[in-house]
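The sequence shown begins at 0 in numbering that gives the first Met the number 0 and counts up one residue at a time.
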Amino acid sequence: MKIGIIGAGNIGANAAKLFVKAGHEIAIANSRGAETLKDLVAELGENAQAVSIEEAAKFSEIVFISIPFGKYQTLPPNAFDSKIVVDSNNYYPDRDGSFTELDENKTTSSEMLAEHLRGARIVKGFNTIWFEHLKTQGDMSLPSEERRAIFIASDDAEAKKTVARLIEEIGFAAVDTGDLRDGGATQQPDTAIYNRNLTASEAQAILGSEGGY
Ligand SMILES: NC(=O)c1ccc[n+]([C@@H]2O[C@H](COP(=O)([O-])OP(=O)(O)OC[C@H]3O[C@@H](n4cnc5c(N)ncnc54)[C@H](OP(=O)(O)O)[C@@H]3O)[C@@H](O)[C@H]2O)c1
């Protein structure tokens with residue numbers, strides 16, 4: 000599969016490594032331009048290229064976005080039409096600045112991204128896992144229920160299935176928290192599953208008993 004990655008930091012660069020290892024072709028972008036990603040791309044090998052943000056979106060079937068949430072409005076809205084977009088961004092007011100509609104729980108960060116990238120098929124995912132764990136905890140040898148959980152939420156069932164397959168291919172278990180609004184809110188900072196080292200079966204137990212957030 001062709002996967003675009005926007006954001007080449009802790010999460011984006013490590014996701015890129017896992018996707019390449021799983022046999023995918025990636026095109027990666029950051030805010031400063033492709034020339035700043037030469038070393039990373041050299042490390043990733045021949046199935047990786049550094050490109051512009053527009054090119055990363057156009058190249059791919061899935062676009063994995065991992066940037067500080069506060070920058071989401073800089074993304075070019077039309078480049079993502081009909082693409083599956085994985086939204087791994089979290090809202091941290093100290094880093095991102097305050098968004099009143101989020102502070103007042105009127106919406107969620109993924110719904111705001113979906114509003115901006117109209118026509119994209121947004122799947123919130125990879126939000127609750129620390130990048131050091133993303134780097135090391137995937138294990139293809141384990142049965143799904145014993146693997147570390149990576150949570151997904153979306154209003155698009157087919158897109159969610161595609162992202163779930165990708166998660167399984169890198170050695171994790173995809174655990175569905177529901178639709179973009181409530182399922183997305185379930186994955187936000189300070190919730191019961193956020194930044195917790197949970198297997199899929201432990202995660203299901205928490206989601207079942209605590210109903211998420
Ligand atoms: N760190 C974690 O363990 C973790 C876990 C789950 C989710 N998250 C969330 O994932 C997102 C990324 O976190 P991170 O730790 O990977 O951040 P990071 O290491 O600071 O990397 C951020 C990346 O985003 C790029 N970027 C910044 N502004 C951009 C823009 N306007 N357009 C395109 N690219 C832009 C940066 O490129 P330049 O350097 O060129 O600006 C950099 O490559 C955040 O929303 C974070 O909350 C993080």
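The C-beta atom is built at its ideal place from N, Cα and C for all residues, glycine as well.
- Non-local beta-carbon contacts of I169 in its own chain, meaning distances under 6 Å to residues more than five positions away in sequence, involve L17, A21, G137 in chain order.
- Taking C-beta atoms as the reference points, D95 and I64 fail to come closer than 8 Å.
- In chain order, S143, R146, A148, A199 place their CB closer than 6 Å to the CB of A172, counting only its own chain and leaving out the 5 sequence neighbours on each side.
- Taking A12 as the centre and dropping the five residues before and after it, the same chain places the C-beta of L39 closer than 7 Å to its C-beta, in chain order.
- In the DSSP assignment, E34 falls outside any beta strand (DSSP E), carrying neither H nor E.
- Taking the Cβ atoms as the reference, I52 lies roughly 14 Å from I25, outside the contact range of under 8 Å.
- Taken through DSSP and simplified to helix, strand or coil, V19 comes out as helix.
- For K70, the shortest separation between its Cβ and any heavy atom of ligand 1 lies below 7 Å.
- Between the alpha carbons of K123 and D93 lies a gap of roughly 21 Å.
- Per DSSP, the continuous alpha helix (DSSP H) segment holding F130 begins and ends at 130-135.
- In the three-state DSSP reduction, T176 falls in the strand class (E or B).
- Closest by C-alpha distance to N29, out of E42, E45, A56, is A56.
- For ligand 1, a non-hydrogen atom lies closer than 7 Å to the CB of G8.
- Remark: the shortest separation between the CB of G11 and any heavy atom of ligand 1 falls under 7 Å.
- Under the 10 Å beta carbon count, A156 is surrounded by fewer than 16 other beta carbons and is classified as exposed.
- Within 10 angstroms of the beta-carbon of Q72 lie fewer than 16 other beta-carbons, which makes it exposed.
- Annotated three-state conformation of I52 is helix, per DSSP.
- M111 counts as buried, since at least 16 other C-beta atoms from the protein chains shown sit within 10 angstroms of its C-beta.
- Taking the Cα of K160 as reference, the smallest distance to any Cα among R120, P75, A113, R180 is reached at R120.
- Straight-line measurement puts the Cα of A47 at about 25 Å from the Cα of L116.
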